[in-house]
Amino acid sequence: MINRRGVLALTLAGTLTLAACGGGGEKAESGGPVKITVWSWKPASDGLAAVAKDFEKANPNIKVDVQVIGNPAIWEKITVGMAAGGKGLGDILHIGIDYLPSYVDKFPGGLADLNKLGAGKYKDAFAKGLWPTVTGKDGGVYAMPWEVNPIGFFYRSDLFEKAGIDAAAIQTWDDAIEAGKKLKEKTGASLIGLNKPAAGSMDMDFYQSLLQQQGAFYFNQQGDVTLGSAPAVQAMTLIKKMNDAGIVADTSGEGTAKKLISSGKLAVLPWAAWAASYIPEMRPEQKGLWRVMQPPAVTSGGKRTAIVNSTHLAISGTSEHKAEAFKFIEYALTKPEVINKVFKEGGVFPALTAAYSDPMFSAPTEYFGGQPALKTFVDSLTEGADATFYSSDYARALKIASDAQTQVLTKGADPAATLATAAQQLAQQTGRKLAG
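All the letters of the sequence shown, read from the start, carry residue numbers -19 to -1, 1 to 417 under mature numbering (1 follows the signal peptide of the UniProt record, and there is no 0).
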């Protein structure tokens, strides 16, 4: 079984030659309706399926088949289909931003340029920082933003109260480190948890968010390597400070993180907007104990927002029903009332800014002690996040950065020296230049 990172590596190589599986859109027979297929995964697919029924009523000449491929299975299936020249792909593909640049760069023509179907008029309709990430080097638009995940700072209010900490006074991550020391002393809880010996993609989301808050990442817009940059070192230094202070719990081992959360041993979950629905599902018995705010800034006066990831809807370049497929995407993603139904049914935070005027985004959330939890993320997106340029070499960068973080957490390695070596390694492996 190929895991998500393994599939991404194969996508980067662009060398798969396996026969494609699965179906695509079907031609209308005898004047019947056109059938388009959508590949997605749960629970997001539930949202699309719900609005597909409404779409079909308004467009009786189009039938929408939402297929639950699963995650990470979808990445293998799309990659196999792309490598086979697009044969067997669904018409509409649900794609994460970490995969999109690889598909665009490694499989030219594999995804349709949505500019040709009218996507350009929606350039300013989505959260700031998203449109540049779906735009190719050639100016083509290869996906429409669906889900956006701004980073949050979920914290146990009862533990903070017991330690005598005012969460609102935490303005920077250095402030959070000092708070973490008090939390450890007074409650025994760690500030955060990370898989120290083998950081997975979710563990790296935290480091990446610290980069993104500074408008940085592993690569810049020109594609040069920035893993050894000052912002990268600053972010890793903060993680080392936390670890050296003894306030980072080791979450390695199956189920360890959930056990620590269940037992009240993690005071903060630096997770994205998806966690506003996930935490209540995971720990219903902790109702009323959690709160959420925007993350502390990396430096005093710095940004307190970052989009850690996003997902999008693209159209296969070989689809025979591109116009119909785009009509459904347009319906599902650009109408506030429709995307909010998708959100309610599928639990993915909408990228469409017009959606946020709905009262649910400012309504009190009982689980979070009556706090309007969703408003935290709306405020974050209103502040405006910088675009993140993943590039087609993201998988390599993620692995190298993960190894660097492991060295820092398990061996006390110096962040600057470790990241300088990592940046050189990334540049050598990818043939890219070191920035600056």
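Quick reminder that beta carbons are idealized off the backbone N, C-alpha and C, glycines included.
Assumed close pair residue i, residue j - CB separation to whole angstroms, cut-off 8 angstroms
i	j	result
Asn130	Trp255	6 angstroms
Val206	Phe198	Actually they are not in contact, since the Cβ atoms of Val206 and Phe198 sit about 10 angstroms apart, beyond 8 angstroms.
Tyr188	Gln409	Not quite, the Cβ-Cβ distance comes to about 22 angstroms (not below 8 angstroms), so this is no contact.
Ile158	Met63	The Cβ separation is near 44 angstroms, so there is no contact.
Ala257	Ala160	Not confirmed; about 22 angstroms, so no contact.
His293	Asp72	Going by Cβ atoms, the distance from His293 to Asp72 rounds to 15 angstroms, so no, they are not a contact pair.
Ile43	Pro14	6 angstroms
Leu172	Ile146	Leu172 to Ile146, Cβ: 11 angstroms. No contact.
Leu98	Phe307	4 angstroms
Thr334	Ala106	7 angstroms
Met217	Pro396	4 angstroms
Pro261	Ser190	Contact doesn't hold; Cβ gap of about 22 angstroms is too wide.
Residue of the options minimising C-alpha distance to residue i
i	options	result
Met263	Lys240, Thr280, Thr346	Lys240
Val193	Ala344, Ile151, Gln215, Gln203	Sequence check: residue 193 is Gln here, not Val. When only C-alpha atoms are compared, the closest one is Gln215.
residue 436	Ala416, Gln405, Ile320, Ala304	The structure shown does not extend to residue 436, since the chain is modelled only from -19 through 417, so no value can be given for it.
Leu29	Leu407, Val329, Lys414, Ala403	Val329
residue 448	Pro340, Ile296, Ser372	This structure leaves residue 448 out entirely; the chain is present only between -19 and 417.
Ala336	Thr346, Ala344, Pro345, Phe324	Phe324
Leu415	Pro277, Lys221, Gln202, Ala257	Gln202
Tyr136	Pro251, Asp339, Phe342	Pro251
Glu266	Ile242, Ser281, Pro212	Ile242
Gly227	Asn176, Lys162, Leu208, Pro277	Lys162
Ala108	His75, Asp46, Ser258, Asp367	Asp367
Asp186	Ser171, Thr369, Gly282, Arg413	Thr369
Lys167	Gln152, Gly66, Leu140	Leu140
Leu379	Thr334, Ser210, Asp184, Gly234	Asp184
Gly282	Asn42, Pro14, Ile151	Ile151
Ala278	Asp395, Asp156, Ala397, Ala306	Asp156
Gly417	Ala148, Gly204, Ala144	Gly204
Lys118	Val61, Leu81, Thr280	Leu81
Lys104	Glu311, Ser383, Ser338	Glu311
Glu128	Ser26, Gly234, Glu235, Ile381	Ser26
Leu247	Ser138, Ala213, Lys38	Ser138
Ala394	Lys58, Ala382, Lys221	Lys221
Gly245	Lys284, Phe36, Lys143	Lys143
Ala213	Gly365, Ser383, Asp225, Lys102	Ser383
Thr280	Gly51, Gly196, Val61, Ile59	Gly196
Glu235	Lys284, Val229, Tyr259, Ala179	Ala179
C-beta atoms of residue i and residue j nearer than 7 angstroms
i	j	result
Leu70	Trp154	no
Thr399	Gln388	yes
Thr232	Gly169	no
Leu74	Leu208	no
Val45	Ile17	yes
Gly327	Pro24	yes
Ala332	Leu111	yes
Thr346	Lys177	no
Thr114	Ile78	yes
Lys356	Ser343	yes
Thr299	Gly67	yes
Val319	Val47	no
Residue-level contact to chain C via CB, residue i, 7 angstroms cutoff
i	result
Tyr136	Going by chain labels, chain C is absent from the structure shown, which holds only one protein chain.
Which whole runs of the beta strand (DSSP E) in the region 14 to 102 are 3 residues long or more, in chain order?
Correct list: 15 to 21, 43 to 49, 73 to 77.
Is there contact between the region 132 to 152 and the region 308 to 318, where contact requires at least three CB pairs shorter than 8 angstroms?
Because the criterion of three Cβ pairs below 8 angstroms is not met, the region 132 to 152 and the region 308 to 318 do not touch.
Looking at C-beta atoms only, is the number of pairs between the region 350 to 369 and the region 257 to 271 that lie closer than 8 angstroms three or more?
Contact between the region 350 to 369 and the region 257 to 271 is present, because at least three Cβ pairs lie under 8 angstroms.
So, do the region 355 to 365 and the region 280 to 292 have three or more beta carbon pairs nearer to each other than 8 angstroms?
Counting Cβ pairs under 8 angstroms, three or more are found: they touch.
Is the number of C-beta pairs between the region 115 to 126 and the region 83 to 99 that are closer than 8 angstroms three or more?
Yes, the region 115 to 126 is in contact with the region 83 to 99.
Scan the region 164 to 227 and note each continuous beta strand (DSSP E) run of 3 residues or more that stays entirely inside, going in chain order.
Taking only runs of at least 3 residues, the beta strand (DSSP E) segments lying wholly in the region 164 to 227 are 173 to 175.
Threshold first: 4 residues or longer. Then list the alpha helix (DSSP H) segments lying entirely within the region 246 to 275, N to C.
Complete alpha helix (DSSP H) runs here, min 4: 256 to 263.
Contact between the region 79 to 87 and the region 366 to 386 (3+ Cβ pairs under 8 angstroms):
Because the criterion of three Cβ pairs below 8 angstroms is met, the region 79 to 87 and the region 366 to 386 touch.
In chain order, which alpha helix (DSSP H) runs of at least 4 residues are fully inside the region 313 to 349?
Taking only runs of at least 4 residues, the alpha helix (DSSP H) segments lying wholly in the region 313 to 349 are 317 to 327.
Let me know the alpha helix (DSSP H) ranges lying completely inside the region 360 to 411, each 4 residues or longer, listed in chain order.
The region 360 to 411 is shown to contain whole alpha helix (DSSP H) runs of 4 or more residues at 375 to 392, 396 to 411, in chain order.
Starting from the N-terminal side, write out each stretch of the alpha helix (DSSP H) that is 4 residues or longer and does not extend beyond the region 98 to 151.
Counting whole runs of 4 or more residues, the region 98 to 151 contains the alpha helix (DSSP H) stretches 112 to 115, 138 to 143.
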